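Chains as they are written, first to last, in our numbering: chain A, 512 to 969; chain B, 2 to 249.
Where is the CB? At the ideal position from N, CA and C, for every residue including glycine.
It should be emphasised that the depicted structure is a prediction, and the values quoted were computed from it without experimental measurement.
What follows is a set of notes on a single structure, which appears directly below.
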């Protein structure tokens with residue numbers, strides 16, 4: 512496995528490495544504890560056995576004297592029980608036992624000692640280690656009683672080997688496991704970054720890979736994808752706007768340019784002045800369109816939500832009525848206002864006011880009573896069950912149901928209103944502001960006339 | 002509100018030059034042509050202008066010479082417009098400042114006013130709007146806010162009893178009409194544009210596409226000018242409205 516340096520830098524690998532170290536230390540501690548305990552226990556057992564035998568031999572000596580002792584040692588030496596015996600006289604000659612001579616390590620010091628000796632086995636003789644007790648007796652006699660501890664040594668060795676293997680395997684599996692884990696993690700991160708690079712390069716249709724396991728990376732990918740969906744929606748909205756803007760701003764600009772050109776060619780002084788005046792008016796209309804587009808963009812971007820405050824909708828409607836009442840009265844129309852007290856919600860006051868202004872302006876422009884030419888405006892603000900309802904209604908010619916969807920699109924102007932001044936952006940702004948406030952827009956037939964109903968959650 | 006129909010800029014200036022005080026105005030604007038037009042318009046209205054085309058020069062001029070009004074663009078080379086304003090204010094200079102900017106969002110306006118600006122006008126603007134605002138910035142000492150009685154010619158407004166009298170005769174006004182008249186009287190002798198009225202009397206920062214303000218004005222006029230030969234509430238064509246402080 513070629514180790515990529517990038518893998519070693521991942522957080523997964525770092526975590527795994529830390530975990531592995533802690534794990535290895537604890538395995539080492541447990542096994543060392545087991546090892547030391549076993550070794551000590553086995554040694555104690557050996558010591559006890561030897562101690563008991565020495566006691567037994569001493570008993571024999573007391574009861575049966577030297578000959579009895581020698582007899583017992585000779586007897587026991589014949590059996591291959593793993594015990595070693597040696598009984599020597601004052602010159603060191605062996606008098607009984609299965610050891611040939613006093614082991615080198617025993618000379619001169621009494622007590623416990625370990626030594627190598629040649630043990631009899633089924634296949635012959637083997638070098639084993641024995642543990643023995645060395646006792647000097649009166650009259651220059653020496654007694655050595657011991658046990659073969661080869662088994663014990665082998666067992667301790669086995670535990671030692673097991674300890675090293677366990678540590679070694681834990682290290683190998685741990686390191687390779689964490690490498691694999693990191694590689695897997697890294698591969699997913701790499702695919703996420705690769706996707707984001709293609710998106711940055713301009714392909715907004717790209718989406719983060721989702722494995723379907725619902726793990727944390729999937730959750731991250733899913734929320735990134737939601738974000739991308741939103742961005743794509745906004746971008747396609749932007750594209751649509753730009754193409755609309757291109758068309759609806761170019762048309763008047765072309766007109767203005769042609770007029771200015773013609774005026775420059777003309778030698779009649781009055782004509783130039785007239786052209787300039789018309790151009791000024793048209794510039795102002797263009798600016799109105801431009802500002803309306805900016806307001807719509809602002810409403811649609813959702814940025815204004817941060818600045819929402821508690822707005823008394825009833826009060827706002829009353830203010831609107833107050834603003835328009837003289838104009839409506841001038842045109843001999845009627846204005847009916849119905850406001851339920853306590854109609855409040857979190858909103859952007861300026862944008863809501865602009866929305867209502869657009870709707871009332873629409874009545875004044877397109878919603879006049881077809882017979883009398885008078886504006887009849889009805890304003891309502893009320894609330895029930897956590898919902899705020901606002902409507903603006905008129906007694907004009909209304910909007911055909913088939914056009915309800917279309918009229919809120921940018922720059923859309925219906926055939927019958929094309930002759931009136933306007934830019935086709937009024938209802939787009941209304942829709943944008945409603946969506947900013949998470950509300951719904953509903954165009955209804957007012958029998959006759961149009962009723963624009965807006966509902967918001969408080 | 003943008004420039005209404007059939008009125009040329011020239012007419013506006015001429016009407017204006019007669020009654021406006023001459024002011025020394027510093028224009029800090031990097032677009033030389035725009036600054037030129039602005040300077041020309043202001044000169045024609047009887048004012049004297051100086052021009053700085055970058056932030057540092059602008060700040061140096063604003064802090065070393067006396068001006069009546071500063072017109073500051075927001076995006077400038079070398080030093081941002083808001084920084085100039087903060088610096089000017091830090092040095093204790095209280096000259097009224099009009100901020101000009103292509104950034105027109107309400108938040109941008111608030112930011113500009115917080116930095117120490119006195120008024121904010123989004124680009125592009127009608128010259129008449131700019132002129133009205135520049136002249137509106139220079140407060141006259143007798144229209145301080147703590148005054149309780151406002152006077153203009155034979156019109157008298159008592160802010161405490163909320164009574165209005167014309168030539169001693171009481172005029173009954175609706176609350177909104179009172180507010181409208183109060184604003185006009187506080188700015189007596191200065192042109193007030195429709196946008197200024199919407200912003201200050203109604204607190205709306207956008208322009209309705211119908212002539213709502215004109216209708217309010219004509220109502221008010223119907224009440225205060227009804228029985229008099231000389232109208233006190235004048236229409237300044239192409240700009241807005243004005244109540245003169247003294248008889249012309």
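Give the interface partners of residue i over in chain E, defined as CB-CB distance under 8 Å, in chain order.
{"i": "residue 203(B)", "result": "No chain E is part of this structure, whose protein chains are labelled A and B."}
Looking at the unbroken alpha helix (DSSP H) that takes in residue i, where does it start and where does it end?
{"i": "residue 688(A)", "result": "661 to 711"}
{"i": "residue 875(A)", "result": "860 to 877"}
{"i": "residue 842(A)", "result": "Unbroken run through residue 842(A): none, as it is neither H nor E."}
{"i": "residue 572(A)", "result": "522 to 589"}
{"i": "residue 740(A)", "result": "727 to 776"}
{"i": "residue 34(B)", "result": "33 to 45"}
{"i": "residue 197(B)", "result": "195 to 198"}
{"i": "residue 130(B)", "result": "128 to 138"}
{"i": "residue 517(A)", "result": "516 to 519"}
{"i": "residue 175(B)", "result": "No alpha helix (DSSP H) holds residue 175(B); DSSP gives it neither H nor E."}
Where do the ends of the beta strand (DSSP E) carrying residue i lie?
{"i": "residue 893(A)", "result": "887 to 895"}
{"i": "residue 623(A)", "result": "622 to 632"}
{"i": "residue 954(A)", "result": "951 to 956"}
{"i": "residue 51(B)", "result": "49 to 53"}
{"i": "residue 991(A)", "result": "Residue 991(A) falls outside the range modelled here, since chain A spans only 512 to 969, and no answer is possible."}
How would you label residue i, buried or exposed, when you count the other beta carbons within 10 angstroms and need 16 or more for buried?
{"i": "residue 849(A)", "result": "exposed"}
{"i": "residue 599(A)", "result": "buried"}
{"i": "residue 143(B)", "result": "With a pLDDT of 48 at residue 143(B), under the threshold of 50, the predicted position of this residue should be treated as unreliable, and no value is reported."}
{"i": "residue 800(A)", "result": "buried"}
{"i": "residue 130(B)", "result": "buried"}
{"i": "residue 609(A)", "result": "buried"}
{"i": "residue 547(A)", "result": "exposed"}
{"i": "residue 968(A)", "result": "exposed"}
{"i": "residue 217(B)", "result": "buried"}
{"i": "residue 518(A)", "result": "buried"}
{"i": "residue 536(A)", "result": "exposed"}
{"i": "residue 734(A)", "result": "exposed"}
{"i": "residue 872(A)", "result": "buried"}
{"i": "residue 742(A)", "result": "exposed"}
For a quick check, are the C-beta atoms of residue i and residue j less than 8 Å apart?
{"i": "residue 138(B)", "j": "residue 119(B)", "result": "yes"}
{"i": "residue 863(A)", "j": "residue 923(A)", "result": "no"}
{"i": "residue 808(A)", "j": "residue 859(A)", "result": "no"}
{"i": "residue 225(B)", "j": "residue 233(B)", "result": "yes"}
{"i": "residue 947(A)", "j": "residue 810(A)", "result": "yes"}
{"i": "residue 642(A)", "j": "residue 621(A)", "result": "no"}
{"i": "residue 167(B)", "j": "residue 182(B)", "result": "no"}
{"i": "residue 613(A)", "j": "residue 551(A)", "result": "no"}
{"i": "residue 611(A)", "j": "residue 605(A)", "result": "yes"}
{"i": "residue 595(A)", "j": "residue 555(A)", "result": "no"}
{"i": "residue 686(A)", "j": "residue 531(A)", "result": "yes"}
{"i": "residue 846(A)", "j": "residue 830(A)", "result": "no"}
{"i": "residue 27(B)", "j": "residue 83(B)", "result": "no"}
{"i": "residue 136(B)", "j": "residue 191(B)", "result": "yes"}
{"i": "residue 529(A)", "j": "residue 678(A)", "result": "no"}
Quick one: residues in its chain with C-beta nearer than 8 Å to the C-beta of residue i, no 5 flanking neighbours on either side, listed in chain order?
{"i": "residue 746(A)", "result": "715"}
Which residues share a DSSP beta bridge with residue i?
{"i": "residue 152(B)", "result": "157(B)"}
{"i": "residue 235(B)", "result": "243(B)"}
{"i": "residue 122(B)", "result": "101(B)"}
{"i": "residue 71(B)", "result": "27(B) and 98(B)"}
{"i": "residue 856(A)", "result": "822(A)"}
{"i": "residue 944(A)", "result": "None; residue 944(A) has no bridge partner."}
{"i": "residue 902(A)", "result": "891(A) and 964(A)"}
{"i": "residue 116(B)", "result": "Looking at the DSSP assignment, residue 116(B) forms no beta bridge with any residue, so it has no partner."}
{"i": "residue 639(A)", "result": "628(A)"}
{"i": "residue 644(A)", "result": "623(A) and 656(A)"}
{"i": "residue 605(A)", "result": "599(A)"}
{"i": "residue 849(A)", "result": "891(A)"}
Using a Cβ-Cβ cutoff of less than 6 Å, which residues in the same chain neighbour residue i once the five nearest sequence positions on both sides are dropped?
{"i": "residue 663(A)", "result": "553"}
{"i": "residue 14(B)", "result": "For residue 14(B), the pLDDT reaches just 42, beneath the cut-off of 50, and the residue's location in the model is therefore unreliable, although a value from the coordinates is still provided. Excluding residues within five positions, the ones whose Cβ falls inside 6 Å are 45 and 46."}
{"i": "residue 874(A)", "result": "886, 888 and 905"}
{"i": "residue 30(B)", "result": "36 and 74"}
Here's a check: name, in chain order, each residue in its chain whose Cβ is nearer than 7 Å to the Cβ of residue i, leaving out the five neighbours to either side.
{"i": "residue 485(A)", "result": "Residue 485(A) falls outside the range modelled here, since chain A spans only 512 to 969, and no answer is possible."}
{"i": "residue 870(A)", "result": "903, 941 and 963"}
{"i": "residue 545(A)", "result": "670"}
{"i": "residue 87(B)", "result": "116 and 117"}
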